[in-house]
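Student: To start, I am sharing the structure in question, which I have written as structure tokens.
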Amino acid sequence: MISYMLCLVLFSVGLYCILRKRNVIKIIIGIGIMEYAANLFFVLLGYRTHGRSPIYAIDQEIKSMVDPLTQSVVLTGIVLGLSVTLLLVAIAIRIYERYGTFDITKITKLKG
Amino acid sequence: MEISFIAIPLASAFVVAMIANLDERIQDCIACLAALATLTLSLFAITVLSGAGSSGAIVYKVGGWVPPFGVSIVIDGLAAFMLVTVNLIALAALFYSTGYMKKYTDKWKFYALFLLLLAGINGVLVSGDVFNLYIFMEIAAIAAYALVAFGTTAEELEASFKYAVMGTVASCFIFLGIAFLYGYSSTLNMADMASVLASKGPSGALLLASVLFLMGFGLKAALAPFHAWLAYAHSSAPAPVSAMLSGVVIKVLGMYAIARIFFNVFGITPVISFMILTLAVLSMIVGSMLAFVQSDIKRMLAYSTVSQIGYVALGLGVGTPLAIFGALFHLFNHSLFKSLLFLNSGSIERVAGTRDMGKIAGILDKAPLTAYTGLVGALSICGVPPLGGFWSKFIIILACIQAGRPILALTAVVVSILTLAYYFKSYTPVLFGNVTTSKQIKAKSLFTMNAPMVALTVLVALAAFILIPVVGNVFMDGAVASLVRGISYTDVVFEALK
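Following this line, the structure appears as structure tokens:
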């Protein structure tokens, strides 16, 4: 149970980082933390204590095994998170070229 | 056939990228042909589904794995209806961009991203698996972030960054929602999940997942408290991208996903429909109020989208068969006229050289075709009688009264009057105002930009014909039926598997 709570804490840290930080790069780091928390929560759902990999052999009896589906889901989630982070960093570099700052409160050419 | 809705745009995106050095016209042809092919296929799918002897869904087992173990592709009435709408708008926007995108360099990158977006949206519509839906949603979203930033001006980059941050936060909420659902039901297949959830009954985990989904998809659909990013993103992007984002993307990533998950997987409950109705009423009012004070033509259209998406959510929230028909009909109408208006704003910008409505006047004299197509779109969104927009709003209001919710009906009427007011206030001087010498014509409009606008205008004018039973039976009944049947969705999918 304590690990799920720590996931929630990590998620909240990420959300706080996105909402409160003014630096564009720190916001991107916040998104990364949030994605890690979500991925960690998902992979923990499939974890079993003393579980082993779900590979069957003829002369073996498996008492407890971890859920492989959550692991493949999280693997896909990590790849999606990577591509979003890459795009955000690319946009951040271009933003620095145009505005000369990483401060989100100074990047305000759009009004309304 | 089922997999080609994803495969054709995805393959075309790669082909366009590979022939980047060849003539631009070849790339134009490939992009338009891909959209035409998916449109033809979606029309074929809708006729198959409405034909006699159809079980109500087409199911394809990816890799031959039987659901719930493998990933499945499910095209039911709702998905087929949405596929026709999406691919129609995509074809119009792609044809428009063959001319419009000439002012940017590296047109092939635009086509590759646009086709990736199309593949993502089609994937969301046809997937029968909740995690697959999430993956395709992310593909579409990443392509959309990049497309918003396509011109790489300061405004576009700022809009893209804000859109991307909001979109990623929404995706995180949706991902957590999926985690809770998987933890509770031990399955990711939507049909299987519906039957598992029905047998387990209501619980706290389910409510938590519902709230997470409503937040995530509400953010993607730009429903009222979550609407802030929309005006940035939709007004900064190139015109065909705005048309696609406003006309299709927020509806598929937001409203379609809400409808699919809450109606077909969870089963709609009074609590959820109350939450949807609250968001709907808020968006309708906030969107129309904000649209009133805009001077930029594309920002006005973007806030108008927030208000109109509220009508769709209102119809879904009321939830009677008539209200659902009204919501889906309004969704179709809004796709047509809002993409028409955004394409139109691109032409106005090209002719007048600015997007500020205070500085544009007398488009009618300079570019009559642009003016008349814009006028038809604006009249339809205001709800002027013979056009489709009137009928869909009328049906939603009628359904609210029929369901015994007169206050919601009154709100819908008031917002409809507000819509008429702000379009009248801002569009009349743009189209009919007197031309002064300083507002010289900048450029002629092109055939490739006019043709899709005229085609969409004709469709907007003809949209009311859906109310005729012969057309409506083929086009709308399957879509309404797949939402009305609720969690019996699972029976239909497993029936089609046999």
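Respectively, the protein sequence lines represent chains Z and W.
The numbering of the first sequence is the numbering used here, which starts it at 7 and goes up by one.
The numbering of the second sequence is the numbering used here, which starts it at 216 and goes up by one.
We put the beta carbon where it would ideally sit given N, CA and C, even for glycine.
All values reported here derive from a predicted model rather than from experimental measurement.
Thinking C-alpha only, which one of W:477, W:512, W:532, W:452 is nearest residue 489 of chain W?
Tutor: If we check each option's Cα against that of residue 489 of chain W, W:532 comes out closest.
Student: Residue 115 of chain Z touches chain W at which residues, Cβ-Cβ below 7 Å?
Tutor: Neighbours of residue 115 of chain Z on chain W, chain order: 369, 370, 373.
Student: To the nearest angstrom, how far is the alpha carbon of residue 19 of chain Z from that of residue 474 of chain W?
Tutor: Roughly 32 Å between the two C-alpha positions.
Student: Quick check on DSSP: helix, strand or coil for residue 713 of chain W?
Tutor: Three-state DSSP puts residue 713 of chain W in coil, outside helix and strand.
Student: Quick one: Cα of residue 425 of chain W to Cα of residue 399 of chain W, how far?
Tutor: Roughly 13 Å between the two C-alpha positions.
Student: What do you reckon, are the CB atoms on residue 80 of chain Z and residue 30 of chain Z nearer than 8 Å?
Tutor: Against a cut-off of 8 Å, the Cβ pair of residue 30 of chain Z and residue 80 of chain Z comes out as no contact.
Student: Hey, quick one: how far does the alpha helix (DSSP H) through residue 595 of chain W stretch, first residue to last?
Tutor: 583 to 597 is the span of the alpha helix (DSSP H), which, as asked, contains residue 595 of chain W.
Student: How long is the line joining the alpha carbons of residue 83 of chain Z and residue 14 of chain Z, rounded to whole angstroms?
Tutor: Distance between the alpha carbons of residue 83 of chain Z and residue 14 of chain Z: 18 Å.
Student: With C-beta atoms as the reference, is residue 585 of chain W less than 8 Å away from residue 562 of chain W?
Tutor: Yes, the Cβ-Cβ distance between residue 585 of chain W and residue 562 of chain W is below 8 Å.
Student: By Cβ distance below 6 Å, which residues in the same chain neighbour residue 444 of chain W in space, the five residues on each side in sequence not counted?
Tutor: Counting only Cβ-Cβ distances below 6 Å, and skipping sequence neighbours, we find 377, 378, 381.
Student: Tell me the DSSP bridge mates of residue 5 of chain Z?
Tutor: Summary: the structure shown does not reach residue 5 of chain Z, with chain Z confined to residues 7 through 118, and so no result is reported for it.
Student: Nearest CA to the CA of residue 495 of chain W: which residue from W:530, W:515, W:225?
Tutor: Residue 495 of chain W has its Cα closest to that of W:530, out of W:530, W:515, W:225.
Student: Using a threshold of 8 Å, state whether the C-beta atoms of residue 720 of chain W and residue 225 of chain W are closer than that.
Tutor: Nothing can be reported for residue 720 of chain W: it is not among the residues displayed for chain W, which extend from 216 to 713.
Student: For residue 259 of chain W and residue 273 of chain W, what's the separation of their Cα atoms in angstroms?
Tutor: Straight-line Cα distance between these residues: approximately 12 Å.
Student: What are the residues of the stretch 398 to 428 of chain W that lie near chain Z, defined by any Cβ-Cβ distance shorter than 7 Å?
Tutor: For the stretch 398 to 428 of chain W, which is checked against every Cβ of chain Z, the residues closer than 7 Å are 398.
Student: Compare the beta carbon distance of residue 428 of chain W and residue 392 of chain W with 8 Å and say whether it is the shorter of the two.
Tutor: Cβ atoms of residue 428 of chain W and residue 392 of chain W: closer than 8 Å.
Student: Closest to residue 520 of chain W by CA distance: which of W:439, W:668, W:476 is it?
Tutor: Comparing Cα-Cα distances from residue 520 of chain W to each of W:439, W:668, W:476, the minimum goes to W:439.
Student: Under 8 Å, do residue 557 of chain W and residue 454 of chain W count as touching if we go by C-beta distance?
Tutor: Their beta carbons are under 8 Å apart, which means residue 557 of chain W touches residue 454 of chain W by this criterion.
Student: Counting only C-beta atoms, is residue 63 of chain Z closer than 8 Å to chain W at any point?
Tutor: With 8 Å as the cut-off, residue 63 of chain Z does not count as an interface residue toward chain W.
Student: How about residue 513 of chain W and residue 554 of chain W: do their beta carbons lie closer than 8 Å?
Tutor: Contact: no.
Student: Determine, for residue 451 of chain W, whether the minimum Cβ-Cβ distance to residues of chain Z falls below 8 Å.
Tutor: By this cut-off, residue 451 of chain W is an interface position.
Student: Quick check: the Cα distance between residue 404 of chain W and residue 290 of chain W, rounded to an integer number of angstroms?
Tutor: So the two alpha carbons sit approximately 14 Å from each other.
Student: With a 10 Å radius around its C-beta and 16 neighbouring C-beta atoms as the bar for buried, classify residue 56 of chain Z as buried or exposed.
Tutor: So residue 56 of chain Z counts as exposed.
Student: Taking only beta-carbon atoms, is residue 107 of chain Z less than 8 Å away from chain W?
Tutor: No, residue 107 of chain Z does not count as interfacial toward chain W.
Student: For residue 58 of chain Z, which beta-bridge partners are listed by DSSP?
Tutor: BP columns for residue 58 of chain Z point to Z:71.
Student: Using the beta-carbon of each residue, which ones in chain Z are nearer than 7 Å to residue 353 of chain W?
Tutor: Those are 86, listed as they occur along chain Z.
Student: Going by DSSP, what residue range makes up the beta strand (DSSP E) through residue 290 of chain W?
Tutor: From DSSP, the beta strand (DSSP E) with residue 290 of chain W extends over 287 to 291.
Student: If you count every other CB in all the chains shown that lies within 10 Å of the CB of residue 89 of chain Z, and 16 or more means buried, which is it?
Tutor: Looking at its Cβ environment, which holds fewer than 16 other Cβ atoms inside 10 Å, residue 89 of chain Z is exposed.
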